[in-house]
Each structure stands twice: as C-alpha cells, then as structure tokens.
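A short write-up of the structure that comes next.
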DNA sequence: CTGATCTGTTACGGTTTCCGTAACAAATTA
DNA sequence: TAATTTGTTACGGAAACCGTAACAGATCAG
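Chains as they are written, first to last, in our numbering: chain C, 367 to 505; chain L, 367 to 505.
Next up, the structure:
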C-alpha cells in the first residue's frame with residue numbers, strides 16, 4: 367500500500383483555490399501554482415468535483431472553485447474522493463492456500479487487522495479540515 | 367503504501383514453527399506447509415534471524431526454530447524485521463516544489479501526519495503477540 | 001576427508017502498478 | 001463561429017513486486 371502523491375497534490379490544489387478567493391481558477395493556473403502537470407491535476411479535480419468538494423465549469427472563463435469553506439472540507443473526504451483503493455491493501459493468496467486451512471485463517475486475521483487500521487486512519491483524517499492544514503502548514 | 371504479503375507469510379511461517387515443536391524445520395518443509403516458495407521464505411526467515419526472532423543452523427539436520435516463546439514474539443518486531451520501508455511512505459517532490467514554499471510546507475505536513483499514523487500502527491502491533499494470533503486465528 | 005544437506009544471497013524474467021504527458025472529444029462562452 | 005476549458009482516454013517509461021532459479025558458504029554424517 368502506498369500513500370501516493372494524489373492526496374498531497376489534491377490538498378495543494380485545494381489550498382491554492384482557498385487562497386485565490388472567489389474567482390474560478392483554470393487547471394493550468396493551479397498546476398503552475400503548485401508545480402504539477404495540468405492534465406494529471408484535472409483528473410484529481412474532476413474526482414473531487416464528483417464528490418462535491420469543488421465546482422467546475424467549462425468554456426471560456428471556466429475553471430474550478432471550492433464548493434465549501436475550508437473549515438467544512440475534511441481530509442477524509444478528499445482522500446476518499448481521490449484514492450480509489452484503501453490505504454492498507456493486503457494481497458490474500460487464497461489460490462495458494464485453499465487446501466491449507468491455517469493459512470486461510472491467518473489471512474483472515476490480517477484482513478480484519480488491516481481493516482481495523484484502515485478505520486483508525488480514516489477517523490484520524492475526519493478530524494482534520496482543510497483550514498487546519500492551511501493554518502498549520504502555511505506559516 | 368502497501369502492506370505486502372511479507373508480513374503475513376512471515377507470521378504463517380512462525381506459526382508453523384510454533385506448531386512443530388522443538389525440532390528445527392527446513393525452509394523446504396515450512397514452505398510446503400504454508401504454500402509458498404522456499405527461496406522467498408528463506409529470505410524472510412533470514413531477516414527474522416538477524417532480528418533474533420528465529421535461530422537457524424546450516425548443514426544436515428539444520429533448519430529454523432523459534433528463538434523465543436510465541437507469547438514473547440510481537441507483531442511489531444516481525445514487521446520491522448521483514449519490511450524494510452515504512453508502511454506509509456510518501457513521495458515528496460522536493461524537486462518540483464523547491465521554488466514553491468507552500469508546496470514544501472504541505473509536503474512537510476503530510477510527512478508529519480504519516481509518521482504519526484505509522485507510529486499508531488506500530489503501537490498497535492506491539493500489543494499483538496504471536497500466541498495471540500495463533501489463539502485467535504487457529505480455532 | 002568427502003559428499004550430502006541446508007542456509008544465505010544474488011540474479012533474472014515477468015507482471016503489475018504508477019507517473020507523467022499528450023491528445024482529443026464535449027461543453028460553454030464571447 | 002471560434003476560442004477556451006473541462007473531462008477522459010491512451011500510451012510510453014519507470015519503478016515495485018513476485019516468484020523462481022542458481023549458486024556460494026557453512027555444517028554435519030559417515
């Protein structure tokens with residue numbers, strides 16, 4: 367399992383939007399502002415649009431804007447919007463272990479264990495708002 | 367971040383050793399018992415040997431044996447022995463963001479955040495012994 | 001001392017995953 | 001109608017991972 371750059375890139379983009387007031391910002395402008403590729407960024411912003419974190423509009427003068435105030439956007443929903451798979455993902459080899467009952471049972475133990483950790487992580491993320499990140503990270 | 371199969375495979379091997387009494391077991395026998403490749407397993411057992419979790423001896427009649435009782439072996443040390451990198455590893459793009467102070471600051475925020483989570487996970491693992499896993503997972 | 005056995009390590013090929021970029025269709029506005 | 005911008009797809013390269021093979025080094029039996 368890898369905590370990819372998706373989450374941090376998304377947060378950077380949202381911070382950029384929060385700092386650039388009420389006007390919609392193009393993906394090109396945001397990408398330049400945070401130092402990433404515009405096409406990659408559009409993918410992330412699109413997913414966050416589907417989750418209701420940002421609003422988007424096409425055409426001239428279009429772009430992206432925060433759908434809510436930074437204190438009403440939490441890290442967990444950004445994470446869920448952007449990261450399709452779970453933070454902890456375990457490869458369980460049922461194929462190899464079908465005829466080995468102990469193996470299957472230990473696999474199940476770890477599935478439960480990692481699901482538990484996953485839950486802890488998401489609960490932790492729920493307590494962190496975009497505003498808190500901005501306050502803490504940006505001077 | 368990926369919780370690989372290394373940890374579960376290692377635990378399976380240790381359970382196998384715990385269940386097969388006091389005699390040393392060859393990597394071939396263990397591998398057959400838990401359904402994995404012997405060479406891959408030797409790598410894991412070797413690392414656990416360096417960490418003092420198992421003892422190994424070469425030559426005829428050689429093999430692996432638990433260095434301690436199952437109640438004195440904890441999940442966290444198995445994890446540390448076998449997994450070189452951290453469960454949560456964040457790719458921080460200092461290269462792209464050097465000239466963008468906000469970007470660097472948000473990267474640092476996530477580094478701290480993930481280190482915190484990593485700490486939580488390891489604390490959770492410290493509370494779980496091999497014996498507990500055997501009791502819970504194996505009927 | 002010789003041969004068999006077993007660990008410890010290295011190397012390799014295949015697969016998957018991930019990242020970055022380009023390209024283009026669809027939608028919207030001037 | 002033309003310019004702009006999102007949304008999506010596709011592709012090539014890089015990195016990680018898995019499984020396997022192979023072999024050197026150590027140890028023991030006889």
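Every residue gets a Cβ at the ideal spot worked out from N, C-alpha and C, and that includes glycine.
How would you list, in chain order, the residues of chain C whose beta-carbon sits under 7 Å from the beta-carbon of residue i?
i	result
residue 377 of chain L	472
residue 381 of chain L	468, 472
CA-CA distance, residue i and residue j?
i	j	result
residue 419 of chain L	residue 378 of chain L	14 Å
residue 474 of chain C	residue 468 of chain L	42 Å
residue 436 of chain L	residue 444 of chain L	12 Å
residue 408 of chain L	residue 401 of chain L	13 Å
residue 439 of chain C	residue 497 of chain C	8 Å
residue 333 of chain C	residue 504 of chain C	With chain C covering 367 to 505 only, the question about residue 333 of chain C has no answer from this structure.
residue 477 of chain L	residue 485 of chain L	12 Å
residue 441 of chain L	residue 417 of chain C	37 Å
residue 446 of chain C	residue 387 of chain C	25 Å
residue 428 of chain L	residue 472 of chain C	27 Å
residue 399 of chain C	residue 480 of chain L	24 Å
Enumerate in chain order the residues of its own chain whose CB-to-CB distance from residue i is below 7 Å, with the five nearest sequence positions on each side excluded.
i	result
residue 448 of chain L	372, 373, 376, 410, 413, 414
residue 502 of chain C	none
residue 500 of chain C	381, 384, 436
residue 433 of chain L	418, 419, 420, 421
By the criterion of Cβ-Cβ separation under 9 Å, what are the contact partners of residue i in chain C?
i	result
residue 481 of chain L	Those do not exist, as residue 481 of chain L stays about 11 Å from chain C at its closest Cβ, beyond 9 Å.
residue 490 of chain L	479, 482, 483, 486
In chain L, which residues lie less than 8 Å from residue i when you measure between Cβ atoms?
i	result
residue 502 of chain C	475
residue 499 of chain C	472, 475
If you drop the 5 nearest sequence neighbours on each side, which residues of the same chain put their C-beta closer than 6 Å to that of residue i?
i	result
residue 422 of chain L	415, 430
residue 394 of chain C	404
What does residue i reach in chain L if we use C-beta pairs closer than 7 Å?
i	result
residue 422 of chain C	Per Cβ cutoff of 7 Å: no residues; residue 422 of chain C is ~22 Å from chain L at best.
- Message: With a threshold of 8 Å, are at least 3 pairs of Cβ atoms found where one atom belongs to the region 477 to 492 of chain L and the other to the region 380 to 396 of chain L?
- Response: The count of Cβ pairs closer than 8 Å, one atom from the region 477 to 492 of chain L and one from the region 380 to 396 of chain L, stays below three, leaving the stretches out of contact.
- Please specify which runs of the beta strand (DSSP E), each continuous and at least 3 residues long, are wholly inside the region 394 to 422 of chain C, giving them in chain order. Segments of the beta strand (DSSP E) lying fully in the region 394 to 422 of chain C: there are none.
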